[in-house]
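**Q** Below are the structure tokens for one structure; questions will follow.
Residue numbers (my numbering): 31 to 449.
Right, here's the structure in full:
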């Protein structure tokens, strides 16, 4: 029987050395995605930027890899900013997002000298205006716009519809929000940001949103004379989970968007603004797998066979949150026929703690290992300690060699802040 290999490393040997559950992340895969952004977008179009939406996976070693490729960074909290600076990120390449930034977080962003603050609402704009003035700083700002596009994705990761907690409506921008930012001596309004949703394999939402934003710019220009210097188109590019098509290239989304923007600017005698993208899942999702050890194997009275594993909801809450589906592989029995339909069950005391429903695997027994594919995004970053389960270790692999990127949490780690 042959063991599963992941980017030149024997997965069974990694599980034995580092224990399970175990996150394994491929440096090579991440670098491939970064270089694809360059070849398919940055090198293809002048005056463009790419930033990594680090909420997808904020492990310091991952940030260092992406920084070394020259890609900027998107953070959404003081904690993410802190980690980015600890990883050595150039603050001028950092964008600070978030729909409810605290005064403390804005102060941290100003003190760090982040390159751009994406403002979500008028209350935040007024707060940033005051704080920037007190600090003697002119803050570089994008206003986040909700374009009113309903993307075909899970409702919890759709962000561009009118009924969204994020951003200004187009009417609010034209009706006074942009003018309010323009009038402040402490705010440099560079332009606008929008995001239509996550895990998209259809580019129609991106194209439609671009059209709406361009029409908004035209109306705003007529009304106030303002010309945007930057449009941030967000990310949302999909990856290949179970049952999904192959991951689209950046050009699939951005070529038609750039054509719209450039045609619009030529037609209306405008200088084309800088265009930014900020993929997250697309950069790291397929770079990661999670390895579990099999515990109990049992068939219930309804005839369903459960493979119990030593992780689940604490290291991957996405199946419970979104009904996320994953491909699963047997690690030590990788070359055996997958002739048994089983459900992979997590160890927590929740009926919803299911890693994967009705997947085909070979016959497994206690002590075997399985690998869940495409867990590089929103697994480590969403990990929790439900049922007092420690968070897994993280190993980065490259060219057949592995290095520890995060130690396994201990019981003592989990209670160190408690009195």
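We put the CB at the ideal spot given by N, CA and C, even for glycine.
Three-state secondary structure (DSSP) at residue 295?
**A** Residue 295 falls in the helix class under three-state DSSP.
**Q** If we call anything under 8 Å between Cβ atoms a contact, is residue 341 one with residue 376?
**A** Yes; because the gap between Cβ atoms is below 8 Å, this pair is in contact.
**Q** Tell me where the beta strand (DSSP E) around residue 56 begins and ends.
**A** Taken as a continuous stretch (DSSP letters only), the beta strand (DSSP E) holding residue 56 covers 52-56.
**Q** To the nearest angstrom, report how far apart residue 472 and residue 427 are at their CA atoms.
**A** The question about residue 472 has no answer here: the residues shown for the chain are numbered 31 through 449.
**Q** Within this structure, are the beta carbons of residue 136 and residue 157 separated by less than 8 Å?
**A** The answer is yes: Cβ separation under 8 Å.
**Q** Based on DSSP bridge pairs, tell me the residues matched to residue 318.
**A** Residue 318 is bridged to 55.
**Q** In this structure, what does DSSP give as the bridge partners for residue 399?
**A** 323.
**Q** Can you tell which of 314, 361, 257, 393 has its C-alpha closest to the C-alpha of residue 268?
**A** Closest option to residue 268, Cα to Cα, is 314.
**Q** Assuming residue 44 and residue 432 form a contact by the criterion Cβ under 8 Å, report the distance between their Cβ atoms to the nearest whole angstrom.
**A** About 6 Å separates the two Cβ atoms, so the contact holds.
**Q** Considering only DSSP beta bridges, list what residue 223 is partnered with.
**A** Per DSSP, 174, 262.
**Q** Taking residue 71 as the reference, give the member of 256, 230, 289 with the closest Cα.
**A** The shortest C-alpha separation from residue 71 is found at 289.
**Q** Measure the C-alpha to C-alpha separation of residue 401 and residue 435 and round it to an integer number of angstroms.
**A** The straight-line gap from Cα to Cα measures roughly 19 Å.
**Q** State whether the segment 266-285 contacts the segment 118-135, with contact taken as three or more CB pairs (one from each stretch) at a distance under 8 Å.
**A** The answer is no - the segment 118-135 does not touch the segment 266-285, with fewer than three Cβ pairs under 8 Å.
**Q** Which residues in the same chain as residue 90 place their Cβ atom closer than 7 Å to its Cβ, once the five residues preceding and following it in sequence are excluded?
**A** Around residue 90: 113, 116, 117.
**Q** Determine the extent of the beta strand (DSSP E) in which residue 103 is found, giving its start and end residues.
**A** Start and end: 102-105.
**Q** Would you check if there are 3 or more beta carbon pairs closer than 8 Å linking the segment 338-356 to the segment 416-423?
**A** Touching, yes.
**Q** Rounded to the nearest angstrom, what separates residue 262 and residue 388 at their Cα positions?
**A** Their Cα atoms are separated by approximately 40 Å.
**Q** By the DSSP assignment, the beta strand (DSSP E) with residue 167 in it spans what residues?
**A** First-last for residue 167: undefined, no H or E at that position.
**Q** For residue 153, count the other beta carbons within 10 Å of its own beta carbon; 16 or more makes it buried, fewer makes it exposed. Which is it?
**A** The residue is exposed, with fewer than 16 neighbouring Cβ atoms inside 10 Å.
**Q** What beta strand (DSSP E) runs, 3 residues minimum, are completely inside the segment 75-139?
**A** Counting only runs of 3 or more, we get 78-83, 102-105, 124-126.
**Q** Closest to residue 223 by C-alpha separation, out of 239, 232, 409, 230, would be which residue?
**A** When each option's Cα is compared against that of residue 223, the closest is 239.
**Q** How big is the Cα-Cα spacing for residue 122 and residue 147?
**A** When rounded, the distance between both Cα atoms is 11 Å.
**Q** Is the CB of residue 425 under 8 Å away from at least one CB in chain C?
**A** Looking at the structure shown, chain C is missing, and only one protein chain is on hand.
**Q** At the level of alpha carbons, what is the spacing between residue 252 and residue 214?
**A** Each residue's Cα considered, the two are about 20 Å apart.
**Q** In three-state terms, what does DSSP make of residue 20?
**A** The structure shown does not extend to residue 20, since the chain spans only 31 to 449, so no value can be given for it.
**Q** Taking 8 Å as the cut-off, does the segment 347-366 touch the segment 305-313 (at least 3 CB pairs, one atom from each stretch)?
**A** Touching, no.
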